Amino acid sequence: AQSVTQLGSHVSVSEGALVLLRCNYSSSVPPYLFWYVQYPNQGLQLLLKYTTGATLVKGINGFEAEFKKSETSFHLTKPSAHMSDAAEYFCAVTMNSGGSNYKLTFGKGTLLTVNP
Amino acid sequence: DAGVTQSPTHLIKTRGQQVTLRCSPKSGHDTVSWYQQALGQGPQFIFQYYEEEERQRGNFPDRFSGHQFPNYSSELNVNALLLGDSALYLCASSFHRDGPGNEQFFGPGTRLTVL
Numbered sequence: 439a440q441s442v443t444q445l446g447s448h449v450s451v452s453e454g455a456l457v458l459l460r461c462n463y464s465s466s467v468p469p470y471l472f473w474y475v476q477y478p479n480q481g482l483q484l485l486l487k488y489t490t491g492a493t494l495v496k497g498i499n500g501f502e503a504e505f506k507k508s509e510t511s512f513h514l515t516k517p518s519a520h521m522s523d524a525a526e527y528f529c530a531v532t533m534n535s536g537g538s539n540y541k542l543t544f545g546k547g548t549l550l551t552v553n554p
Numbered sequence: 608d609a610g611v612t613q614s615p616t617h618l619i620k621t622r623g624q625q626v627t628l629r630c631s632p633k634s635g636h637d638t639v640s641w642y643q644q645a646l647g648q649g650p651q652f653i654f655q656y657y658e659e660e661e662r663q664r665g666n667f668p669d670r671f672s673g674h675q676f677p678n679y680s681s682e683l684n685v686n687a688l689l690l691g692d693s694a695l696y697l698c699a700s701s702f703h704r705d706g707p708g709n710e711q712f713f714g715p716g717t718r719l720t721v722l
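Listed in order, the protein sequences are those of chains A and B. Counting in the numbering used here, the first sequence runs without a single skipped number right up to 554 at its last residue. Counting in the numbering used here, the second sequence runs without a single skipped number right up to 722 at its last residue.
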């Protein structure tokens with residue numbers, strides 16, 4: 439079984455401040471982890487993903503995340519927030535169960551607001 | 608490349624009615640997954656289609672059914688609509704050989720309102 443917990447349904451930061459969105463996962467086998475962003479009235483866009491290898495992954499728009507197995511975490515960060523980063527962010531997990539079809543399990547999301 | 612497309616954009620139905628939502632995958636993709644996103648929640652997996660068969664199913668009742676066509680496009684059907692079925696329905700496509708680390712590309716969704 440797999441699950442995702444996103445701590446904080448709403449995070450508010452000032453423009454130029456550090457963005458930190460928290461994600462903890464549960465998986466019975468090594469996980470594959472994703473961060474998606476959703477702008478109002480739009481679908482989901484992939485920010486970054488962790489599959490194997492380097493635990494610090496870089497994504498689009500200056501975001502990065504670090505996979506920490508010991509903490510079962512995959513927190514998303516950005517050094518300096520921009521107004522255009524205001525959106526809802528979803529952490530998701532899937533796992534290699536030996537088949538060829540992989541469903542994503544999402545967290546409940548974190549709404550990021552950026553104040554001028 | 609048009610990406611994943613979904614139709615219609617919005618839909619209003621009444622309780623007890625039936626609805627069909629449509630999805631065309633990104634070019635080169637052969638697998639379609641459907642997700643339900645209730646207001647203020649993360650997307651929840653409904654089911655996944657590959658080679659015109661349902662391969663995986665989430666915790667949704669049999670009122671939710673689907674179909675995949677030879678051109679890989681897909682339909683989601685919901686019968687006997689309930690108020691609780693009101694949500695954004697997202698379609699995602701992928702290529703089955705890319706494995707669990709592959710990116711699922713999402714469409715813009717269909718907003719279903721049940722009155």
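Heads up, the beta-carbon is just placed ideally off N, CA and C, and yes, glycines get one too. Note that the structure is predicted; figures quoted are calculated from it, not measured.
Under 9 Å from the C-beta of residue i: neighbouring residues of chain A
i: F652/B; result: K541, L542, T543 and F544
i: Q738/B; result: Outside the displayed span of chain B (608 to 722) sits residue 738/B, for which this structure offers no information.
i: L697/B; result: G481 and L482
i: E659/B; result: Going along chain A, no residue has its Cβ under 9 Å from E659/B, so there is no contact; the nearest lies around 13 Å.
i: E682/B; result: In chain order: nothing, as chain A lies at least about 18 Å away.
Close beta carbons around residue i, own chain, < 6 Å, minus the five adjacent residues each side
i: G547/A; result: E526 and F528
i: S452/A; result: N553
i: T532/A; result: Y470, Y540 and L542
i: S450/A; result: T551
i: Q711/B; result: A699 and S701
Where the beta strand (DSSP E) containing residue i begins and where it ends
i: K507/A; result: Run containing K507/A: none; DSSP gives neither H nor E here.
i: Q644/B; result: T638 to Q644
i: E526/A; result: A525 to M533
i: Y696/B; result: A694 to S701
i: T548/A; result: T548 to N553
Strand pairing of residue i, partner residues [DSSP]
i: I653/B; result: None, per the DSSP bridge assignment.
i: Q483/A; result: V475/A
i: L445/A; result: R460/A
i: T661/B; result: Just to set this straight, residue 661/B is Glu in the shown sequence, not Thr. Bridge partners of E661/B: Y656/B.
i: R629/B; result: S614/B and E682/B
i: Y488/A; result: L471/A
i: G673/B; result: L683/B
i: L494/A; result: E504/A
i: T720/B; result: I619/B
Exposure label - residue i; buried when at least 16 CB within 10 Å
i: S614/B; result: exposed
i: F501/A; result: buried
i: Q625/B; result: exposed
i: G491/A; result: exposed
i: D523/A; result: buried
i: T616/B; result: exposed
i: K633/B; result: buried
i: H566/A; result: The first residue shown for chain A is 439 and the last is 554, placing residue 566/A beyond what the model contains.
i: H448/A; result: exposed
Residue i: contacting residues in chain B (beta-carbon distance under 7 Å)
i: Q480/A; result: P715
i: T532/A; result: P707
i: Y477/A; result: Those within 7 Å of Y477/A in chain B number zero; the least Cβ separation is about 10 Å.
Same chain, Cβ closer than 8 Å to residue i, neighbours up to 5 away in sequence not counted
i: H703/B; result: D637, T638 and Y657
Distance cut-off 7 Å: residue i Cβ against heavy atoms of the ligand HEM
i: F712/B; result: Looking for the ligand HEM in the displayed structure turns up nothing, as the structure carries no ligands at all.
Residue i: contacting residues in chain A (beta-carbon distance under 8 Å)
i: G665/B; result: K541
7 Å Cβ shell around residue i - same chain, five flanking residues per side excluded
i: K496/A; result: L486 and E502
i: S465/A; result: Q440, V531 and M533
Under 9 Å from the C-beta of residue i: neighbouring residues of chain B
i: F528/A; result: G649 and P650
Proximal residues of chain A, C-beta to C-beta of residue i below 7 Å
i: Q711/B; result: L542
Chain-ordered chain B contacts of residue i [CB-CB under 8 Å]
i: T487/A; result: Inspection of the sequence shows that residue 487/A is occupied by Lys rather than by Thr. Correct list: G708 and E710.
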